[in-house]
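K.L.:
All residue numbers for the sequence shown refer to the working numbering, where the first residue is 676 and numbers rise by one. This structure is in structure tokens; I'll ask about it shortly.
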Amino acid sequence: MNRLSKRRLAICGLGLPLFLFVITISRFAWLQIVARDELMARFQGQVEESYELQTPRGAIRDRHGREMAVSILARSLYGDPLMLNKPAEEVAQFLAPLIGEKPETLTEKLSGRNRFIWLKRGMNPPDAANLQQKIKEAGIQGLGFLEESKRYYPASKLGAGILGFVGTDDKGLYGLEMQYDSQLKGDGVRRQLLTDNLGRPIFDSAIQLDPQGPGRGLELTVDSNIQFICEKWLDQTMVDTKAQGAAIIVMDPKTGAILAMASRPTYDPNKFWDYPAINWRNRAVSTIYEPGSTFKAIVAAVALQEGKTTPSEHFYDGGTIEIGGRTLKNWDGSGLGDVTFTDIVKYSLNTGFMVVGQRVGGKTLNEYARRFGIGKITGIDLPGEEDGILFSDEDMQPIDVATMSIGQGIAVTPMQMISAFGTIANGGKRVQPHIVNKIFGAKGEVTWEFQPGVAENVITQETDKTVVGLLEKVVSEGGGGRAKVPGYRFAGKTGTAEKLNEQGGGYLDGRYIASFAGFGPLEDPQIVVLVIVDDPIGMYYGGLVAAPVFSHVAGEIMQYLGIPPTLPLPENESWVKTQGVTSVLPSVETRSGQIIVPNLAGLSIRQSAN
């Protein structure tokens, strides 16, 4: 081999590795720099699956810090259709009865090409463990469980109408859960599930959530103990009257804070799907009804404020009155002859209120009704509030003024009526009703706190004092006698009205709404209470149906608040001082995702179940 050949061979021997080295480095650089994003996306698509995981919602607590809605640990079943070792139809038939889904729905999900699909979310850990064992025994691959957050309501039905509930997609659907969804909602971040080269999930057992969640949440004005008292008596009322529905609201007249709000029929938000949708409705906010004689308290206040009558003015009650070509009468058709305006209020005489109403005039009645909060939403921080109905100022005829004067021909919501009575209880000043006191941020800091605005003077304090005196006589001497609270001075007004036909207008024949609204103790009013009984069977007058419920509820609240009586107690009544008692209903606590059962000793079966 000559020298030239040897040189060429040496060049080739050195150049080829150098060339290959340059090519390799260039390729590596291209992969790392130019094609990096594309390749990473392809890689992630092969070894990762994206899924949405529900993180804890903020807690909802009552005014004393008792948890009414919390997030606890749950397990959710997912599937990987590409990893199933059995036909999708067979797996679907196996799972359907175990998780309460239709086989055809599961078959469609399991026949797809997605690497990650939810099959059943929010299962209790024991149920999930049982299902996991059955899947293992059946030898099915491609199914797994992940831990996430589930909404839980420790007191079951207590306050259900206020709280609402959360759907499977972590979206608040009713009540406060809906109204404050954005504040309560967890992070809801998308996470990546790592898989091996065969697409099998790995490290899913390492995913853990804090069941207590962050510090954010709501503090309510509601007192769970007062809420319990109201719901107990509502349940009894539904049994006694066989009514279609009922509602109670308790409010602090000085601050507008809602201390309790209960509605029947009700439901358990932990399993809301087991109840008809009508049970989810909060009647205290969304029901409109004719107030009947409870509205007469407002008419009396307006007439006295405008100087159209005085408590001692005399009227003649013949039992009937003709207005606009129509003959209108008292509830029983009889008359009492010579009466004062005090008697008209005390015995709820229609004829007298119609005469006084004509003096006031329709436009003035409407103006004051709006100032009392009638005919417009109160602004309570709950969804579904209705406006109510008033006559048009321009179109009111004498007959319209007459019917409005006795609470007919108009429509209100329970929230509007309790706001109006709260105004009378508060010296003629109207305050903003509210149910949320504070909102907390992620670190437990207060991000919002209710700030009371300037109270609106609706009537003067002098007029208000006169109205309160008249309404006290309704309870102590008149038609509201069954609303008496032994040992205490309370004022209030009964109401009985024909039930509106919500479907086609007009009234439903022989069907009524009974109500009572009142407040006390009159030395320093602490509560205003509204009781509504919808369509009771048999007796339907507010004084017979709603007033006794008011008496029981107000009496128990007085004892719970530790307010001593100021009047002599009847011989068959007793007073048990409860000052210092902090709980009527035992607290249910959660620790590390587990439910701590409270001490139920001494409670009845009904109380324990609630």
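Ideal Cβ positions, reconstructed from N, Cα and C, are used throughout, including at glycine.
For the 8 Å Cβ check, are there 3 or more pairs between the segment 942 to 962 and the segment 1231 to 1244?
P.N.:
In short, these stretches do not touch, since the Cβ pair count stays below three.
K.L.:
What is the DSSP secondary structure of F1066, reduced to helix, strand or coil?
P.N.:
Residue state, collapsed to three classes: coil.
K.L.:
What residue from S961, M1029, L1003 has the CA that sits closest to Q1091's CA?
P.N.:
The candidate whose alpha carbon is nearest that of Q1091 is S961.
K.L.:
Could you pull the start and end residues of the beta strand (DSSP E) that M1286 belongs to?
P.N.:
Only positions 676 to 1285 of the chain appear in the structure, and residue 1286 is not among them; the question remains open.
K.L.:
Whole angstroms are fine: how far does the CA of G797 sit from the CA of E823?
P.N.:
Looking at the two C-alpha atoms, the distance is approximately 7 Å.
K.L.:
With a threshold of 16 other CB atoms inside 10 Å of the CB of R788, please say whether the residue is buried or exposed.
P.N.:
R788 comes out exposed.
K.L.:
Residue range of the beta strand (DSSP E) that L1205 falls in?
P.N.:
Counting along the chain, the beta strand (DSSP E) containing L1205 begins and ends at 1202 to 1209.
K.L.:
Within its chain, find whatever has a CB closer than 6 Å to the CB of E1060; leave out the 5 residues flanking it on each side and keep chain order.
P.N.:
Excluding positions up to five away in sequence, the list reads V960, I1052.
K.L.:
Quick check on the burial criterion: 16 or more other C-beta atoms within 10 angstroms. Buried or exposed for Q1178?
P.N.:
By the 10 Å Cβ count, Q1178 comes out exposed.
K.L.:
Could you give the residue range of the alpha helix (DSSP H) that holds E852?
P.N.:
Element bounds for E852: 850 to 854.
K.L.:
Compute the minimum distance between the beta carbon of G819 and the heavy atoms of the ligand ZN, and state whether it is under 7 Å.
P.N.:
What this structure holds is no ligand at all, so the ligand ZN is not there to describe.
K.L.:
Can you find the residues in the same chain that come closer than 6 Å, C-beta to C-beta, to M936, ignoring five residues on each side of it along the sequence?
P.N.:
Answer for M936: I837, I924, A959, listed in chain order.
K.L.:
Please determine, among L1011, Y1216, W1123, T1026, the residue with the shortest C-alpha to C-alpha distance to I1290.
P.N.:
This structure cannot speak to residue 1290, because the chain is shown only from 676 to 1285.
K.L.:
Taking the alpha-carbon of G1036 as reference, which of T1002, D1075, N1005 has the nearest alpha-carbon?
P.N.:
It is D1075 whose Cα lies nearest to the Cα of G1036.
K.L.:
To the nearest angstrom, report how far apart G1000 and L848 are at their CA atoms.
P.N.:
Taking the straight line joining both Cα atoms gives about 50 Å.
K.L.:
Between which two residues does the beta strand (DSSP E) containing V1111 stretch?
P.N.:
Element bounds for V1111: 1111 to 1115.
K.L.:
Spatial neighbours of E894 within its chain, please: C-beta separation below 6 Å, excluding the five flanking residues on both sides.
P.N.:
Closer than 6 Å at Cβ, skipping near neighbours: R736, N1112, K1113.
K.L.:
Assuming V1203 and A1077 form a contact by the criterion Cβ under 8 Å, report the distance between their Cβ atoms to the nearest whole angstrom.
P.N.:
Contact doesn't hold; Cβ gap of about 28 Å is too wide.
K.L.:
Classify L909 as helix, strand or coil using the three-state DSSP reduction.
P.N.:
Reduced to three states, the DSSP call for L909 is helix.
K.L.:
Considering only C-alpha positions, which residue in the set Y753, T1171, A1166, P731 is nearest to L806?
P.N.:
The shortest Cα separation from L806 among Y753, T1171, A1166, P731 belongs to Y753.
K.L.:
Give every residue of the same chain whose Cβ lies closer than 8 Å to the Cβ of Q980, excluding the five residues on either side of it in the sequence, and list them in chain order.
P.N.:
Contacts found: Y1043, I1134, T1135, T1138.
K.L.:
Would you mind giving the Cβ-Cβ distance between A972 and V1142, rounded to the nearest angstrom? I have them listed as a contact below 8 Å.
P.N.:
Indeed, because the Cβ distance is near 7 Å, the residues count as touching under 8 Å.
K.L.:
Just how far apart, CA to CA, sit D1018 and K907?
P.N.:
Answer to the nearest angstrom: the Cα atoms are 35 Å apart.
K.L.:
Could you have a look at T1257 and say whether DSSP puts it in helix, strand or coil?
P.N.:
Confidence is the limiting factor: at T1257 the pLDDT is only 34, short of 50, which leaves the residue's position unreliable, though a coordinate-based value still follows. It is coil, neither helix nor strand.
K.L.:
For P1223, which residues from the same chain have a beta carbon less than 8 Å from its beta carbon, with the 5 sequence-adjacent residues on both sides left out?
P.N.:
If we look at P1223 and ignore the five residues flanking it on each side, its Cβ neighbours are R1157, A1158.
K.L.:
Tell me which residue opens and which closes the alpha helix (DSSP H) that I810 is part of.
P.N.:
800 to 813 is the extent of the alpha helix (DSSP H) around I810.
K.L.:
May I ask you to report which of helix, strand or coil DSSP gives I1055?
P.N.:
Residue state, collapsed to three classes: coil.
K.L.:
Can you find the residues in the same chain that come closer than 6 Å, C-beta to C-beta, to A1221, ignoring five residues on each side of it along the sequence?
P.N.:
Excluding positions up to five away in sequence, the list reads A1189, S1190, F1191, V1206, V1208.
K.L.:
Taking the CB atoms as reference points, tell me whether I1049 and L1065 lie closer together than 8 Å.
P.N.:
Yes, Cβ-Cβ distance for I1049 and L1065 is below 8 Å.
K.L.:
Evaluate T969 with the Cβ neighbour count: other Cβ atoms within 10 Å of its Cβ, from every protein chain shown; 16 or more gives buried, anything less gives exposed.
P.N.:
Flag for T969 reads buried.
K.L.:
Considering only the alpha carbon of each residue, which of D992, Y950, Q1107, W955 lies closest to S938?
P.N.:
The shortest Cα separation from S938 among D992, Y950, Q1107, W955 belongs to W955.
K.L.:
Among residues of its own chain, excluding the 5 on either side of T1241, which ones have a beta-carbon nearer than 8 Å to its beta-carbon?
P.N.:
Taken in chain order, the residues that qualify are G1162, Y1163, R1164, P1196, E1198.
K.L.:
My understanding is that P756 touches I792, with C-beta atoms under 8 Å, so please give their C-beta distance in whole angstroms.
P.N.:
Between I792 and P756 the Cβ distance is about 7 Å, and since that is below 8 Å, they are a contact.
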